[in-house]
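Participant: Residue numbers (our numbering): 251 to 458.
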């Protein structure tokens with residue numbers, strides 16, 4: 251009995267010693283690497299531009315309609331009047347892109363205000379609505395003067411725009427009384443951005 255008791259005591263002591271040994275910790279699997287949120291771009295034409303490229307190349311999705319249209323035409327039969335030629339305070343870019351009927355092309359002065367662009371319609375033409383589509387970064391409060399001329403030398407300011415504007419957003423001015431002019435000039439006197447236009451749209455509505 252003594253030997254059996256001693257063997258039992260030895261076995262129990264061994265088991266207790268094993269029970270006192272802490273289990274080997276198991277490391278959890280490493281977390282997955284963080285994923286970046288996708289860059290969401292607003293729908294519509296996109297323009298890639300850099301400070302070294304004052305006349306950027308437009309990049310528009312396949313099938314994108316770049317035509318400027320009035321959201322609230324004052325009456326039926328409003329059609330854009332395309333400029334035959336254009337001049338600007340900056341010769342770094344083709345000023346005709348400001349009046350070619352496309353919001354996918356841009357005239358970019360490459361500089362801060364004051365800047366101006368002048369559209370030549372060829373002959374004195376009635377103008378009922380002016381639609382302004384800027385390209386600007388950052389967005390913000392702007393000041394524009396819109397003036398008219400028949401000879402391209404003597405201009406008279408007809409309208410002023412003091413409003414917050416944002417890039418690619420169209421601002422429509424329905425003139426209380428139609429203007430008649432051959433030359434239309436938009437002068438930007440204040441803007442938080444360098445001065446650039448996707449389009450300065452001039453519209454004639456109805457029949458003369």
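Backbone N, C-alpha and C fix where the C-beta goes; we use that ideal spot for every residue, glycine too.
Just to check my reading of the structure: residue 460 and residue 355 have Cβ atoms closer than 8 Å, yes? What is that Cβ distance to the nearest angstrom?
Facilitator: Outside the displayed span of the chain (251 to 458) sits residue 460, for which this structure offers no information.
Participant: Less than 8 Å between the CB atoms is what I'm expecting for residue 368 and residue 336, so what's the real figure, rounded?
Facilitator: 6 Å
Participant: Verify whether the separation of the beta carbon atoms of residue 321 and residue 420 is less than 8 Å.
Facilitator: The criterion of a C-beta distance shorter than 8 Å is satisfied by residue 321 and residue 420.
Participant: Taking C-beta to C-beta, are residue 438 and residue 379 nearer than 8 Å?
Facilitator: no
Participant: Buried or exposed for residue 435, please, with buried defined as at least 16 other CB atoms from any protein chain shown within 10 angstroms of its CB.
Facilitator: buried
Participant: Can you grab the Cα-Cα spacing for the pair residue 455 / residue 347, in whole Å?
Facilitator: 23 Å
Participant: How is residue 393 classed by DSSP in three states: helix, strand or coil?
Facilitator: strand
Participant: Using a Cβ-Cβ cutoff of less than 8 Å, which residues in the same chain neighbour residue 331 once the five nearest sequence positions on both sides are dropped?
Facilitator: 371, 375, 377, 452, 453, 454
Participant: Taking all protein chains shown into account, do 16 or more other C-beta atoms lie within 10 angstroms of the C-beta of residue 362, making it buried, or fewer, making it exposed?
Facilitator: exposed
Participant: So residue 429 packs on residue 398, CB below 8 Å; how close in whole Å?
Facilitator: 5 Å
Participant: With distances taken Cα to Cα, identify the nearest neighbour of residue 373 among 407, 415, 433.
Facilitator: 433
Participant: Is residue 361 helix, strand or coil by DSSP?
Facilitator: coil
Participant: Starting from the C-beta of residue 405, find all residues in its chain whose C-beta is less than 8 Å away, skip the five residues before and the five after it, and write them out in chain order.
Facilitator: 397, 398, 399, 433, 435
Participant: Report the rounded CA-to-CA distance for residue 408 versus residue 417, giving the unit in angstroms.
Facilitator: Distance between the alpha carbons of residue 408 and residue 417: 24 Å.
Participant: Identify, in the order they occur along the chain, each residue of the same chain with its Cβ nearer than 8 Å to the Cβ of residue 326, setting aside the five sequence neighbours on each side.
Facilitator: Contacts found: 455, 456.
Participant: Please name the residue in 352, 324, 365 whose C-alpha comes closest to that of residue 427.
Facilitator: 324
Participant: For the beta strand (DSSP E) that residue 335 lies in, which residues bound it at each end?
Facilitator: 335–338
Participant: To which residues of the same chain is residue 338 closer than 8 Å at the C-beta, ignoring the five residues directly before and after it?
Facilitator: 345, 348, 357, 359, 365, 366, 367, 368
Participant: Under 8 Å between the Cβ atoms of residue 385 and residue 447?
Facilitator: A contact, by the Cβ cut-off of 8 Å.
Participant: Check each candidate in 403, 383, 389, 402 and name the one with the smallest Cα separation from residue 423.
Facilitator: 383
Participant: Assign residue 401 to one of two classes, buried (16 or more other C-beta atoms within 10 Å of its C-beta) or exposed (fewer than that).
Facilitator: exposed
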